[in-house]
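For the sequence shown, this note's numbering gives the first residue as 1, with consecutive numbering after it.
Accompanying notes for the structure given below.
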Amino acid sequence: MANRERRKLERSLKPHWVWAIAFGSAIGWGAFVLPTDWIGQAGPIGVVIGLLLGAGLMMIIGVSYGFLIEKFPVTGGEFA
Numbered sequence: 001m002a003n004r005e006r007r008k009l010e011r012s013l014k015p016h017w018v019w020a021i022a023f024g025s026a027i028g029w030g031a032f033v034l035p036t037d038w039i040g041q042a043g044p045i046g047v048v049i050g051l052l053l054g055a056g057l058m059m060i061i062g063v064s065y066g067f068l069i070e071k072f073p074v075t076g077g078e079f080a
């Protein structure tokens with residue numbers, strides 16, 4: 001096992017493809033259906049505050065993954 005070669009990942013996706021996949025994964029049908037329920041419970045300001053908090057948390061997670069990828073650039077990403 002000591003002689004295992006490290007393989008490099010090939011960049012085959014264009015940046016706008018990656019953006020489209022990430023956007024489609026993050027925004028689902030719930031983004032259009034659930035806010036009507038939330039407005040009834042928390043009001044418009046509460047919904048905006050909640051969405052901003054969620055966006056902030058997602059940004060922290062994204063930046064953390066970015067640093068992780070720079071620190072450990074191996075095939076398999078977080079599972080390696």
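Glycine included, each C-beta is placed from N, C-alpha and C at the ideal position.
{"query": "Spatial distance of Ser12 from Ala22 (CA atoms)", "result": "16 Å"}
{"query": "Spatial distance of Leu53 from Gly28 (CA atoms)", "result": "18 Å"}
{"query": "Where the alpha helix (DSSP H) containing Glu10 begins and where it ends", "result": "Neither: Glu10 is in no alpha helix (DSSP H) and is coded neither H nor E."}
{"query": "Whole runs of the beta strand (DSSP E) within the segment 13–75, excluding any shorter than 3 residues", "result": "none"}
{"query": "Euclidean distance between Cα positions of Leu10 and Met59", "result": "Reading the sequence as shown, one finds Glu at residue 10 and not Leu. Cα to Cα, Glu10 sits roughly 26 Å from Met59."}
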